[in-house]
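A short write-up of the structure that comes next.
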Amino acid sequence: MESRIDLINEIIRNRRTVKPEKYSTKIIDKKIIEDIVENAKWAPTHGLTQPWCFKVFYGKGLESFGDFHAELYRASVAPEMFKQKKFDQFKDGPRKSSALIAICLKRQESEKIAEIEEIEAIACAVHNMHLTATAHGIVCYWGTGGKTYSEEMKTYLGLGEKDRVLGLFHLGYPEIEWPTAVRKPASDYCVWIEE
Ligand SMILES: Cc1cc2nc3c(=O)[nH]c(=O)nc-3n(C[C@H](O)[C@H](O)[C@H](O)COP(=O)(O)O)c2cc1C
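One gets our numbering by counting positions in the sequence shown from 1 and adding 364 to each.
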């Protein structure tokens, strides 16, 4: 049997970003998505504020989201700046995904914990989801393009004034071979101070 450390190394190192164009048509079972979302909450969170909030688009919800985002893009650019390719990407990306999770920050009422720490906690939560997805053979794409950060997106997602949208997390089974990646050696980004 594989040891726990071998298993976690393998999952962490094989977690990959893959965009919806490369997803197969195989649908992710709702139970698996629930499992992925469940693991999000085990992220560290300063003061246990648990600042995350996820809106899961699934089935016909994916079409509604894609239509909304594409039309919002169209409405926000001058006609001469409009790019059909971008419009199509915003419309089709969700449709090609098996699920799309809007990653949201629910701002603490007292604002006691610094916002940056709430964002950091949510990044950890998203990573938990991405790693869980990897273990299920699912690839994901955390996108922040288009109108992700707009006020209109916030309103569409039912968020309050001080809340934030931090990204659009797309999920699907890969149609392609599982991608590989490279990273710099640890000696490039880690310094040891021992005296
Ligand atoms: C906060 C955040 C925002 C991101 N936004 C985008 C994006 O808008 N477009 C994009 O192509 N990739 C985006 N990515 C994904 C990165 O491009 C991806 O993680 C990187 O290429 C490394 O690939 P890997 O995740 O497979 O290791 C984002 C990642 C993070 C963490």
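We treat Cβ as the ideally placed atom computed from N, Cα and C, and that holds for glycine.
Taking C-beta to C-beta, are F472 and G411 nearer than 9 Å? Before going on, a small fix: residue 472 reads as Gln here, not Phe. Yes; because the gap between Cβ atoms is below 9 Å, this pair is in contact.
Selected residue, minimal CA-CA separation from G584, among S388, S367 and R377: A question about residue 584 goes unanswered here, because the residues of the chain that appear run from 365 up to 559.
Measure how close the beta-carbons of L530 and L464 come, nearest whole angstrom, since I'm counting them as under 8 Å. So it is not a contact: roughly 14 Å between Cβ atoms.
Between the C-alpha atoms of D431 and F418, what's the straight-line distance to the nearest angstrom? 19 Å
Just the residues with CB closer than 6 Å to a heavy atom of ligand 1, in chain order, which are they? R380, T381, W506, G507, T508, G509, G531 and A545
At which residues does the beta strand (DSSP E) containing C554 begin and terminate? It is not in any beta strand (DSSP E) - C554 carries neither H nor E in the DSSP assignment.
Is E482 closer than 9 Å to P415 when the C-beta atoms are compared? yes
So for T519, helix, strand or coil by DSSP? helix
By the DSSP assignment, the alpha helix (DSSP H) with Y437 in it spans what residues? K424 to S440
For L464: DSSP bridge partner residues: F421 and H534
Mind reading off the beta-carbon distance from R438 to F429? Whole number of angstroms is fine, and I expect it under 8 Å. R438 to F429, Cβ: 15 Å. No contact.
Using only the alpha-carbon positions, how far apart do T512 and D399 sit? 25 Å
Starting from V503, trace the beta strand (DSSP E) in both directions and tell me its first and last residue. V503 to G507
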